[in-house]
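A short worksheet on the structure shown next.
Residue numbers (this note's numbering): 17 to 150.
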């Protein structure tokens, strides 16, 4: 399955005085979505790092449609878009409890060797996983 959903409740510390989520706090919500997307496919991000591979963001585009608010239960949608060479791309969205679209985002991440700090080909088990999604 190309996509995954996970729910996250907005904490007070993520909001401003008016109870609105600060714009920078959407990035961790999307990170939770990507990490859980991998976990749902049987890949532990922690294990991947322990084997010497990191997956940093090299590009992100976020579009804010409507504010998330304190104590709302958000649903983070993460969808695999494509993979080429050393890159992997995701399309993401966040909805509130009323199923209103709050935010969309696109992320490009690059597989990087922790030893060299340079881009590297994805591990074989990731390539096998991605083939099942095409």
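Quick reminder that beta carbons are idealized off the backbone N, C-alpha and C, glycines included.
- Three or more Cβ pairs closer than 8 Å define a contact, and the stretch 130-139 falls short of that threshold against the stretch 81-88.
- By the neighbour-count criterion, in which a residue is buried when 16 or more other Cβ atoms sit within 10 angstroms of its Cβ, residue 111 is buried.
- By the criterion of a C-beta distance shorter than 6 Å, residue 102 is surrounded in its chain by 126, 127 and 135, once the five residues flanking it on both sides are discounted.
- Partner residues in the beta bridge of residue 75, as assigned by DSSP, are 124.
- Here residue 25 has 89 as same chain residues with Cβ atoms under 6 Å from its own Cβ, once five neighbours each way along the sequence are excluded.
- Nearest to residue 106 by alpha-carbon distance, out of 46, 70 and 115, is 46.
- If you draw a straight line from the Cα of residue 73 to the Cα of residue 123, it comes to about 7 Å.
- The three-state secondary structure of residue 55, taken from DSSP, is helix.
- With 16 or more neighbouring CB atoms inside 10 Å of its own CB, residue 49 falls in the buried class.
- In this structure residue 93 is buried. Its beta-carbon is surrounded by 16 or more other beta-carbon atoms within 10 angstroms.
- Shown here, residue 19 sits in a strand according to DSSP, grouped into three states.
- Around the Cβ of residue 42, a 10 Å sphere holds 16 or more other Cβ atoms; the residue is buried.
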